[in-house]
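Participant: Chains as they are written, first to last, in this note's numbering: chain A, 70 to 430; chain B, 880 to 1137.
Glycine included, every Cβ here is placed at the ideal spot set by N, Cα and C.
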Ligand SMILES: Nc1ncnc2c1ncn2[C@@H]1O[C@H](COP(=O)(O)OP(=O)(O)OP(=O)(O)O)[C@@H](O)[C@H]1O
Ligand SMILES: [Mg+2]
């Protein structure tokens, strides 16, 4: 790469950074405050999707219970920073703690499933996700820990020094509501998640994960300790989920087991698959699209009202309809995702050919 | 023959699949610096013996010693660490990775960067990563695949895939390289190139254990040959002697073994 190219690249990055920093204000001015909240949520989903991408995209382990780690992180934060147990630890302690607890849960899920692959692994992880949710629902008797289906309320907002993110602040002529302040914290976390993902991908560890995904037996024969590497993938993925969960709990101020359903696991999986499994940029794109599109579709209801005088299709029905349609079209036309991993682009074209050749070998 | 010369000693290996005796009391030993050929008709148990040696299958009976250590029952990744690398009869590359990345995976077992090093990109981790790339490129070059570095393994022509498997195996710094039919499906030119490559690898101090149906190749290269038939070793010795062995000729259905 020559000097001019390097300079252009720098300029591009600076422009992207400025745009991201200005985004919440631009969004508020153009689309309204509701969309700032959606941007916040999208950043959380980027973290989740990147975490699941380590497990599914890199290591090739189909995990259908991923939202459980999000739940573990959220409850870890909520229990230790709310009136529920009358504990109020600072978030600088709670976020790493949530990450660690989630990692332990990741290993707890990983260890018994090491021998499983594909469909079987999917079923067990699905069960794991449900077990966590049911546990959270029922840990209110005989001793009330989680407050059951009522959930936990009045969770402490993030507080950095004396600066509470829940309050509105003014700075340099700009008004920072809670939504704005959280945006910047989530943005920082999402950027760190992207950097971690990219660095892992281009490392000895990342290559070992991909090798396991491609051919576990050959990977073992090349000296990769497949058991440890798989556990590491589960633990790393869970860590992302745990941190995102803690941030979510502080952001919402309220959580209940209902926030952590199977459909949420599937949603995150769709972000990974739709965007381009294994490709960090694609996964980020998938997370943003799948957070924003359903919200955008809400406007279809009022539009129908305005144009036709009545609502023909309920927006939430339309959402599932379009979502299903999008997935089917993806399967047909872009099976490797919107922005596929470089490693996977050629996959589908040549797969059958290569298989034929192998069979005759 | 001194004990120190023996690199790999498999003693009394038996392996059953249900009622099928794939290996019965098979013993072989490979010396340092030699090419040891393993031949036999289809279904004789050659690949099964490889799978036992490399830890993919646990033997029902028998002992394995490698480089002075017992490796009986060791997991595949331990065996690789000890210094046995292999290729597969039905090529098993990491299809979705480039040729270069395939070889880089082979370096895994001889490198140590962990999650923290990779994420923080410490100076040590960055240096190791550069060394991995450099060594992988050298090995691609060594195996005649330099021009293929950026190609996905699954898109490579058949002969290149076989050589890439060898490059990947060499990346683990083996003392013994076990090759399961490396010339299968190759034309005469490719086989000649392969032969030169194997001779170079041997000269580099790596012993070779070679399963091969191409009799000209295996008899020409091997210092010693063992013959398996229905899971039993029916002959062992220098190629010329083995070729004349009536039992061997009978095993190949009376056909000539030349
Ligand atoms: N995993 C397995 N399960 C059941 N039977 C097996 C298994 N692996 C090998 N066999 C059987 O064991 C016998 C030996 O097979 P093996 O693959 O070792 O033969 P081979 O000498 O490598 O033959 P070829 O020259 O065709 O590669 C065959 O009858 C085969 O069907
Ligand atoms: Mg075989």
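Fully enclosed by the stretch 907-967 of chain B, which alpha helix (DSSP H) runs are 4 residues long or longer?
Facilitator: Qualifying alpha helix (DSSP H) stretches, in chain order: 925-932, 955-961.
Participant: Please report whether the beta-carbon of residue 954/B lies at a distance below 9 angstroms from any beta-carbon of chain A.
Facilitator: Judged by the 9 angstroms Cβ criterion, residue 954/B is in contact with chain A.
Participant: Nearer than 8 angstroms: is that true of the beta carbon of residue 1089/B relative to any heavy atom of ligand 1?
Facilitator: Result no, Cβ not under 8 angstroms from ligand 1.
Participant: By Cβ distance below 7 angstroms, which residues in the same chain neighbour residue 399/A in space, the five residues on each side in sequence not counted?
Facilitator: Here the set comprises 343.
Participant: Identify each residue in the stretch 256-275 of chain A for which the Cβ-Cβ distance to at least one residue of chain B is less than 7 angstroms, and report them in chain order.
Facilitator: The residues in question are 265, 268, 269, 272, 273, 274.
Participant: Give the DSSP-derived three-state secondary structure of residue 1086/B in the structure shown.
Facilitator: Reduced to three states, the DSSP call for residue 1086/B is strand.
Participant: Could you check which residue in 1003/B, 1055/B, 1004/B, 1073/B has the C-alpha nearest to that of residue 1037/B?
Facilitator: Nearest C-alpha to residue 1037/B: 1073/B.
Participant: For residue 1112/B, collect the residues of the same chain with a Cβ closer than 6 angstroms to its Cβ; drop the 5 residues on either side in sequence, then sort them by chain order.
Facilitator: 905, 1105.
Participant: Report yes if the CB atom of residue 252/A is closer than 9 angstroms to the CB atom of residue 350/A, and no otherwise.
Facilitator: Contact: no.
Participant: Nearest by alpha-carbon distance to residue 954/B: which of 328/A, 288/A, 319/A, 203/A is it?
Facilitator: Cα-wise, what sits closest to residue 954/B is 288/A.
Participant: Starting from residue 345/A, trace the alpha helix (DSSP H) both ways and give me its first and last residue.
Facilitator: Residue 345/A -> alpha helix (DSSP H) spans 331-345.
Participant: Distance check for residue 1016/B and residue 415/A, CA to CA, integer angstroms please.
Facilitator: Confidence is the limiting factor: at residue 415/A the pLDDT is only 40, short of 50, which leaves the residue's position unreliable, though a coordinate-based value still follows. Rounded to whole angstroms, residue 415/A to residue 1016/B spans 23 angstroms at the Cα level.
Participant: Write down the C-beta distance between residue 265/A and residue 998/B rounded to the nearest angstrom, noting that I regard them as a contact closer than 8 angstroms.
Facilitator: Contact flag correct, Cβ pair sits at about 5 angstroms.
Participant: I'd like to know if residue 911/B contacts chain A, where contact means its C-beta is closer than 9 angstroms to some C-beta of that chain.
Facilitator: No, residue 911/B does not count as interfacial toward chain A.
Participant: Given that a residue counts as buried once 16 or more other Cβ atoms are within 10 Å of its Cβ, and exposed if not, what is residue 902/B?
Facilitator: By the neighbour-count rule (16 or more Cβ atoms within 10 Å), residue 902/B is buried.
Participant: Taking 5 angstroms as the limit, tell me which residues put their C-beta closer than that to any heavy atom of ligand 1, in chain order.
Facilitator: Here the residues come out as 896/B, 901/B, 921/B, 922/B, 923/B, 924/B, 925/B, 926/B, 927/B.
Participant: Indicate whether at least one CB of chain B lies closer than 9 angstroms to the CB of residue 427/A.
Facilitator: Because residue 427/A carries a pLDDT of 42, less than 50, the predicted location of this residue cannot be relied on, and the following value inherits that uncertainty. Judged by the 9 angstroms Cβ criterion, residue 427/A is in contact with chain B.
Participant: Any heavy atom of ligand 2 within a distance shorter than 8 angstroms of the CB on residue 1059/B?
Facilitator: The answer is yes for residue 1059/B.
Participant: Where are the beta strand (DSSP E) runs, 3 residues long or more, that stay fully inside the stretch 94-165 of chain A, in chain order?
Facilitator: Counting only runs of 3 or more, we get nothing.
Participant: Residue 269/A and residue 190/A: beta carbons closer than 9 angstroms?
Facilitator: No, the Cβ-Cβ distance between residue 269/A and residue 190/A is not below 9 angstroms.
Participant: Is it buried or exposed, residue 389/A, if we count other Cβ atoms within 10 angstroms and call 16 or more buried?
Facilitator: It counts as exposed.
Participant: Note down, one range per segment and in chain order, each alpha helix (DSSP H) of at least 4 residues found wholly within the stretch 1077-1125 of chain B.
Facilitator: Counting whole runs of 4 or more residues, the stretch 1077-1125 of chain B contains the alpha helix (DSSP H) stretches 1094-1100, 1118-1123.
Participant: Under 9 angstroms, CB to CB, which of the residues in the stretch 975-989 of chain B have a partner in chain A?
Facilitator: Here the close residues are 975, 976, 977, 980, 981, 983, 984, 985, 986, 987, 988, 989.
Participant: Could you tell me which residues DSSP puts in a beta bridge with residue 1075/B?
Facilitator: In DSSP, residue 1075/B forms no bridge with anything.
Participant: With a cut-off of 8 angstroms on the beta carbons, I'd call residue 356/A and residue 111/A a contact; round off their distance for me.
Facilitator: About 6 angstroms separates the two Cβ atoms, so the contact holds.
Participant: If you measure from the beta carbon of residue 1080/B to each beta carbon in chain A, is any gap under 9 angstroms?
Facilitator: No, no contact with chain A.
Participant: Report the rounded CA-to-CA distance for residue 127/A versus residue 300/A, giving the unit in angstroms.
Facilitator: Whole-angstrom Cα-Cα distance: 13 angstroms.
Participant: Return yes when the Cβ of residue 113/A is within less than 9 angstroms of the Cβ of residue 352/A, no when it is not.
Facilitator: Cβ distance not < 9 angstroms, so residue 352/A and residue 113/A don't count as in contact.
Participant: Using Cβ-Cβ distances below 8 angstroms, what residues of the stretch 156-169 of chain A are close to chain B?
Facilitator: Per Cβ criterion, the list is empty.
Participant: Nearest-angstrom Cα distance between residue 422/A and residue 1050/B?
Facilitator: The predicted model places residue 422/A with a pLDDT of 38, which falls under 50 and marks its position as unreliable, so this point remains unresolved.
Participant: My understanding is that residue 306/A touches residue 145/A, with C-beta atoms under 8 angstroms, so please give their C-beta distance in whole angstroms.
Facilitator: Going by Cβ atoms, the distance from residue 306/A to residue 145/A rounds to 16 angstroms, so no, they are not a contact pair.
Participant: Would you say the stretch 236-255 of chain A touches the stretch 91-110 of chain A, given that touching needs at least three Cβ pairs under 8 angstroms?
Facilitator: Touching, yes, given that three or more Cβ pairs across the two stretches are closer than 8 angstroms.
Participant: Kindly indicate the opening and closing residues of the alpha helix (DSSP H) around residue 372/A.
Facilitator: Start and end: 369-377.
Participant: Inspect the beta-carbon positions of residue 1052/B and residue 967/B and report whether they are closer than 9 angstroms.
Facilitator: Contact flag unset, no.
Participant: Which value, in whole angstroms, describes the spacing of the CA atoms of residue 886/B and residue 1090/B?
Facilitator: The straight-line gap from Cα to Cα measures roughly 18 angstroms.
Participant: Go ahead and label residue 29/A buried or exposed: buried means 16 or more other beta carbons lie within 10 angstroms of its beta carbon, across all protein chains shown.
Facilitator: Residue 29/A is absent from the structure shown; chain A starts at 70 and stops at 430.
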